[in-house]
Amino acid sequence: MIRETAKRALAIAGLLAMTGLNIHSALSEDSKTIKISAKRYEFAPSEITLKKGVPVILQLSSEDRSHGFYAPSLNLRADILPGKVTELKVTPQKTGDYDFYCDIFCGSGHESMLGKIKVVD
Amino acid sequence: MTTEIDRREFIRLAGIGGVVFMSGIYGLPGQAMPGNKDFFFVQLSDSHWGFEGAKINPDAKGTLRKAVKEVNSLNQKPDFVVFTGDLTQTTDDTNVRKQRMKEFQEIVGELDTKVVHFMPGEHDASLDKGETYKEFFGATHYTFDHKGVHFIALDNVSDPTGSIGDDQIEWLKADLGRQKPDSNIVVLTHRPLFDLYPQWDWATRDGAKAIELLMPFKNVSVFYGHIHREHHQMTGHIAHHSATSLMLPMPEAGSVPKRMPIPWNSAEPYKGLGFRNVHSETKARKYELTQYPINEAGKV
Chain G
1 MIRETAKRAL AIAGLLAMTG LNIHSALSED SKTIKISAKR YEFAPSEITL
51 KKGVPVILQL SSEDRSHGFY APSLNLRADI LPGKVTELKV TPQKTGDYDF
101 YCDIFCGSGH ESMLGKIKVV D
Chain L
1 MTTEIDRREF IRLAGIGGVV FMSGIYGLPG QAMPGNKDFF FVQLSDSHWG
51 FEGAKINPDA KGTLRKAVKE VNSLNQKPDF VVFTGDLTQT TDDTNVRKQR
101 MKEFQEIVGE LDTKVVHFMP GEHDASLDKG ETYKEFFGAT HYTFDHKGVH
151 FIALDNVSDP TGSIGDDQIE WLKADLGRQK PDSNIVVLTH RPLFDLYPQW
201 DWATRDGAKA IELLMPFKNV SVFYGHIHRE HHQMTGHIAH HSATSLMLPM
251 PEAGSVPKRM PIPWNSAEPY KGLGFRNVHS ETKARKYELT QYPINEAGKV
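Chains as they are written, first to last, in my numbering: chain G, 1 to 121; chain L, 1 to 300.
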């Protein structure tokens, strides 16, 4: 079972590599986990796609200093501390685009440290 | 005795930021409190000294200086000037931060006003918890009393999470404990205490705690900066008024996909760096708010 899932993931990854799509985003349904890395002044990936009603764990980490992750419309927030992985569980209930941003002031580009969560059917 | 302020003068003053005219505003209707005298003060905000971006403000080195000149050219001096944060643009380099604060201090040192109250914004204080700011401007939260009004300067930026913090909340609680239910209270702060638009970080994480402490008091107004545009909102009976910036204007919350400053428009220079005046009428106990743009010369 695990091997089949891994094969499937690899196949999708290969496909994505060819199409240039975001692997974290598209694999969310299979893996149920999406890694989001924060550093001045960006999130990677900065846009993720989730499926309505499908639970997902966001794994947040920082490459440099403390950042925040805040998606007010989804009532999701966490501190992202260096050297630590923070998990946020979410099961989006409504389709739409939801902004998230860094809410711990991190420097001159802080105001542009933004991202988007797309929730689809 | 009521201090009369010529309206043209009043409007002209408002042209460089915001002006607040206090007219015994918190007395009972028709009954000014003993010792109260009308007065006004100038509110300047978000000068972001050190900001560079010709597409946003090609007069980045000149706007603050123009503001100072305008205040000084008034026939009637304001009782005091208050800066509600983001005096300087942030930087990682402590020496550059100090240099910017020094330059800012030199420029506003030209103000022909006896009293100037400063407050930090996150650009001044969030990266070093206000340490450099305090070297130049002193405490980040404090109170003062002026002609029957109790002013409370709240710091919601030295904590980089945009919070007031439990210690300061306790300090606020203790200070309010010394006030009467009908005391005249004005809160000065940088970020909005209420959730104006959290999607753009236009909020204070624990601002609701401060508002809760202020709610038992009948006469409270809050003046703040941060959002770089004029905005007025009530939380219950508490009025919140934001000030425009002296560097870069921001669009209306949520009106554009991303939180970005409004680009400079040479056809309409200084647009969005306008001003307001706030006139409180004693008997009616209401504010008269008027918004004016800045023209190319920076004068009304």
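Virtual Cβ for every residue (Gly too), placed ideally from N, Cα, C.
As the structure is a computational prediction, the values presented were derived from the model and not from experiment.
Within 10 Å of its beta-carbon, does residue i have 16 or more other beta-carbons around it, so buried, or fewer, so exposed?
{"i": "serine 46 of chain G", "result": "exposed"}
{"i": "aspartate 166 of chain L", "result": "exposed"}
{"i": "lysine 89 of chain L", "result": "Note that residue 89 of chain L corresponds to glutamine in the displayed sequence, not to lysine. Flag for glutamine 89 of chain L reads buried."}
{"i": "serine 266 of chain L", "result": "exposed"}
{"i": "proline 92 of chain G", "result": "buried"}
{"i": "valine 54 of chain G", "result": "exposed"}
{"i": "glutamate 111 of chain G", "result": "buried"}
Residues of chain G with a CB under 7 Å from the CB of residue i: which are they?
{"i": "aspartate 92 of chain L", "result": "Gly107"}
{"i": "glutamate 122 of chain L", "result": "Phe105"}
Ignore the nearest five residues each way along the sequence and tell me which others in residue i's own chain have a CB closer than 8 Å to its CB.
{"i": "glycine 115 of chain G", "result": "Ile36, Phe43, Pro45, Ser46, Glu47, Ile48, Asp99, Phe100, Tyr101"}
{"i": "glycine 107 of chain G", "result": "Arg40, Tyr41"}
{"i": "glutamate 170 of chain L", "result": "none"}
{"i": "leucine 111 of chain L", "result": "Val68, Val71, Asn72, Val81"}
{"i": "glycine 109 of chain G", "result": "Arg40, Tyr41"}
Which chain L residues are close to residue i, counting only those with a beta carbon under 7 Å from its beta carbon?
{"i": "isoleucine 104 of chain G", "result": "Pro160, Thr161"}
{"i": "glutamate 111 of chain G", "result": "Arg259"}
Kindly list, in the order they appear in chain G, the residues whose Cβ is closer than 8 Å to that of residue i.
{"i": "glutamine 199 of chain L", "result": "Pro72, Ser73, Asp99, Tyr101"}
{"i": "serine 126 of chain L", "result": "Phe105"}
Please list the terminal residues of the continuous alpha helix (DSSP H) segment that includes residue i.
{"i": "glutamate 122 of chain L", "result": "122-125"}
{"i": "arginine 100 of chain L", "result": "94-108"}
{"i": "alanine 174 of chain L", "result": "166-176"}
{"i": "asparagine 72 of chain L", "result": "63-72"}
{"i": "threonine 132 of chain L", "result": "131-137"}
{"i": "glycine 207 of chain L", "result": "207-214"}
If I'm right that residue i touches residue j with Cβ under 8 Å, what's the distance once you round it to whole angstroms?
{"i": "proline 251 of chain L", "j": "isoleucine 238 of chain L", "result": "Incorrect: roughly 26 Å between the Cβ atoms, too far for contact."}
{"i": "asparagine 184 of chain L", "j": "histidine 232 of chain L", "result": "The pair is not a contact, with the Cβ atoms about 19 Å apart (cut-off 8 Å)."}
{"i": "glycine 130 of chain L", "j": "threonine 143 of chain L", "result": "Their Cβ separation, rounded to whole angstroms, is 17 Å, which puts glycine 130 of chain L and threonine 143 of chain L out of contact at 8 Å."}
{"i": "glycine 162 of chain L", "j": "methionine 119 of chain L", "result": "Not confirmed; about 14 Å, so no contact."}
{"i": "glutamate 122 of chain L", "j": "valine 96 of chain L", "result": "About 17 Å; that fails the 8 Å criterion."}
Please list, in chain order, all residues of the same chain as residue i whose beta carbon is under 7 Å from its beta carbon, the five residues on each side excluded.
{"i": "alanine 253 of chain L", "result": "Leu196, Tyr197, Trp200, Trp202"}
{"i": "glutamate 52 of chain L", "result": "Ala60"}
{"i": "glycine 225 of chain L", "result": "Ser45, Asp46, Thr84, Gly85, Asp86, Gly121, His190, Ser242, Ala243"}
{"i": "proline 216 of chain L", "result": "Pro181"}
{"i": "phenylalanine 41 of chain L", "result": "Val20, Pro78, Asp79, Phe80, Val81, Val82"}
For residue i, go through chain L and note every residue whose CB falls closer than 9 Å to its CB, in chain order.
{"i": "leucine 114 of chain G", "result": "Lys258, Arg259"}
{"i": "glutamate 63 of chain G", "result": "By Cβ distance, chain L contributes nothing, its closest Cβ being about 16 Å from glutamate 63 of chain G, past 9 Å."}
For residue i, go through chain L and note every residue whose CB falls closer than 8 Å to its CB, in chain order.
{"i": "glycine 68 of chain G", "result": "Thr161"}
Only counting the same chain, and skipping five residues up and downstream in sequence, which positions put a Cβ closer than 6 Å to that of residue i?
{"i": "tyrosine 26 of chain L", "result": "At tyrosine 26 of chain L the pLDDT is 39, less than 50, meaning the model places this residue with poor confidence; the figure from the coordinates comes in the next sentence. Around tyrosine 26 of chain L: Asn184, Asn219."}
{"i": "serine 66 of chain G", "result": "Leu81, Ile104"}
{"i": "alanine 38 of chain G", "result": "Ser62, His67, Ile80"}
{"i": "isoleucine 211 of chain L", "result": "Leu193, Thr235"}
{"i": "arginine 77 of chain G", "result": "Tyr70"}
Kindly list, in the order they appear in chain G, the residues whose Cβ is closer than 9 Å to that of residue i.
{"i": "glutamine 357 of chain L", "result": "Summary: the structure shown does not reach residue 357 of chain L, with chain L confined to residues 1 through 300, and so no result is reported for it."}
Taking residue i as part of the beta strand (DSSP E), name the residues at either end of that continuous run.
{"i": "glutamate 42 of chain G", "result": "42-44"}
{"i": "glutamate 47 of chain G", "result": "47-51"}
{"i": "tyrosine 224 of chain L", "result": "219-224"}
{"i": "leucine 193 of chain L", "result": "Unbroken run through leucine 193 of chain L: none, as it is neither H nor E."}
{"i": "glycine 68 of chain G", "result": "67-71"}
{"i": "methionine 234 of chain L", "result": "231-235"}
Is there at least one non-hydrogen atom of the ligand SAM closer than 6 Å to the beta-carbon of residue i?
{"i": "tyrosine 101 of chain G", "result": "Of the ligands one can find in the structure shown there are none, so the ligand SAM has no counterpart to examine."}
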